[in-house]
Amino acid sequence: MIEPKLPPEQTPEQKPRLTLRQRKEGLYDKIKIPIKTLDLIIYGIVGLIILALILGMAIGNG
Amino acid sequence: MEQAKKFDSRRVGTFMLNYALYFILGLIIVTVVVMRPEFASISNIINILMQSSTKGILALGCAGLIVLAGTDLSIGRVLGFSAAVTASLVQTTTYASRMYPQITEPVNLLIPFVLSIAIAVIFAAINGFGVSKLHLHAFIVTLGTSLIAYGANCMYIESQPSGSAQALSTFEQSFLGIVSDTVKLGEVKIPYLIFYFLLLAIIMWFIWNKTKLGKNMFAVGGNQEAAAVSGVNVAKTIMFVYLMAGVLYGIAAFLEAARVQSVGANTGINYELDAISACVIGGVSFTGGVGTIPGVVIGSVILQAINYSLYYLGVNPYLQYIIKGLIIILAVAIDVRKYLVKK
Chain P
1 MIEPKLPPEQ TPEQKPRLTL RQRKEGLYDK IKIPIKTLDL IIYGIVGLII
51 LALILGMAIG NG
Chain A
63 MEQAKKFDSR RVGTFMLNYA LYFILGLIIV TVVVMRPEFA SISNIINILM
113 QSSTKGILAL GCAGLIVLAG TDLSIGRVLG FSAAVTASLV QTTTYASRMY
163 PQITEPVNLL IPFVLSIAIA VIFAAINGFG VSKLHLHAFI VTLGTSLIAY
213 GANCMYIESQ PSGSAQALST FEQSFLGIVS DTVKLGEVKI PYLIFYFLLL
263 AIIMWFIWNK TKLGKNMFAV GGNQEAAAVS GVNVAKTIMF VYLMAGVLYG
313 IAAFLEAARV QSVGANTGIN YELDAISACV IGGVSFTGGV GTIPGVVIGS
363 VILQAINYSL YYLGVNPYLQ YIIKGLIIIL AVAIDVRKYL VKK
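In the order they appear, the protein sequences are chains P and A. Note that the working numbering numbers the first sequence so that position 31 is 31, with each residue one more than the last. Note that the working numbering numbers the second sequence so that position 64 is 126, with each residue one more than the last.
Listed below in structure tokens is the structure:
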């Protein structure tokens, strides 16, 4: 049985420690762009896919 | 009234964005069915399922690593090496240029099967040890093992008595039958390979959702520190997930050798990209802690269906790469959006 590692007791003088949830820094947490900009990027990629598809069919294997 | 309209249009917009990937995939498939109706034939659908099966098995293993917020770049090369060892042991005993002329009786298929899994598990164990104990980045460790596996594979293939690096081929019929034999359902003949994929998917679903290992895997992937504080053995969990992936790569290598019927130094090249793409399309998040087995299965089939559709539509091969790349970027962008909105 592994003893869970508990954080040391906090005293009122100390600054409040970050909770585990707050401390978690995920891969996407570093992304600091507004959702609206991200929406535009997604629409842009969709547009590019459709454009590439049309272009690809037009060029064909030749 | 005005507000309700605005609210509705925003909801529709969000829905469109969240499912943009599926709209695009649907558009491609509908276009191909309209332009070439024979695309929707049973034999084509079975072909798509056959091709997505081995890559799907790889994706099932890789998905666990992505749930742990890791990745695996060694999949393709490890599969190539395992498949080469399998292929060398199942060549027909009447074939003059076989790898082992001293083998005069067909080998029990259990031997190459176990060896294939053992090789893949050894590489997976190295990856797992590097990530869980040495805290190395999965990208770097798996890149290293990928090169090691490739080197070992090239050396193995070149060690043929002929001294050439020709692909290993001409296999025993009993070995080929493992994949190509069919089950007749009405008028439709379904190859065994598709059933293996489904069976492994069911087993993985059970492990992910009904076992302690599965729960721990999601806990570690979601928040490693919180999982450790809750008493989860993080290193052990990571190691087990890597070993599980290794077993799946070994099985996939054995089946792939029988499916392609010829194994060379380039067998398995870029398979890791297909496996990772299938996971991303299937909704396994790179942030870790998110993903489902049905998603991975659907992702694998969809990816193969796209490959087939683009080919059927006669899309320029270079633009096919561009389209597939954009689809993967789109899948990640949607994943980021979902994450940021939830945050």
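C-beta atoms are modelled at their ideal positions from N, C-alpha and C, and glycine is treated no differently.
Using a CB distance cut-off of 8 Å, P/L40 does not count as an interface residue toward chain A. Listed by position along chain P, the residues whose Cβ is nearer than 8 Å to that of A/Q382 are G56.
By the criterion of at least three beta-carbon pairs nearer than 8 Å, the stretch 107-114 of chain A is not in contact with the stretch 268-282 of chain A.
The alpha helix (DSSP H) runs lying completely inside the stretch 214-282 of chain A and spanning 4 residues or more are 235-242 and 254-272, given in chain order. Within the DSSP secondary-structure output, A/Q153 pairs in a beta bridge with A/F233. Remark: three or more beta-carbon pairs, one from each stretch, lie closer than 8 Å, so the stretch 314-334 of chain A and the stretch 134-147 of chain A are flagged as touching. Residue burial is scored here from C-beta neighbours: A/F233 has at least 16 other C-beta atoms within 10 angstroms and is therefore classed as buried. The contact set of A/V203 on chain P, defined by CB atoms closer than 9 Å, is empty, because the minimum CB distance reaches about 18 Å. Taking a beta-carbon distance threshold of 8 Å, A/Y401 counts as an interface residue toward chain P.
Interface residue (Cβ-Cβ distance to chain P less than 8 Å): A/L260 is not classified as such.
A/T166 and A/Q235 have their C-alpha atoms spaced approximately 15 Å apart. Across the set A/L127, A/V245 and A/L177, the C-alpha of A/L127 shows the shortest separation from the C-alpha of A/S194. If you draw a straight line from the Cα of A/Y84 to the Cα of A/I360, it comes to about 11 Å.
Sorting A/Q153, A/F348 and A/Y373 by C-alpha distance to the C-alpha of A/S324 places A/Q153 at the top. For A/R399, the enclosing alpha helix (DSSP H) starts and ends at P379 to K404.
By the Cβ-count criterion, A/Y380 is exposed, with fewer than 16 other Cβ atoms from all chains shown falling within 10 Å of its own Cβ.
Residue environment for A/N170: exposed (fewer than 16 other C-beta atoms within 10 angstroms of its C-beta). CA-to-CA, the gap between A/A229 and A/F268 works out to about 38 Å.
Remark: C-beta atoms of A/Q366 and A/Q113 approach each other more closely than 8 Å. With a cutoff of 8 Å on beta-carbon distance, A/N215 and A/A327 are scored as near each other. Excluding five sequence positions before and after A/L372, the CB atoms of its chain that fall closer than 6 Å to its own CB belong to Q382, given in chain order. Contact annotation: A/L262 and A/A320 have beta-carbon atoms that are not nearer than 8 Å.
By the 16-neighbour rule on beta-carbons within 10 angstroms, A/R160 is buried. In the assembly as shown, A/K117 is a buried residue. Its beta-carbon has 16 or more other beta-carbons within 10 Å.
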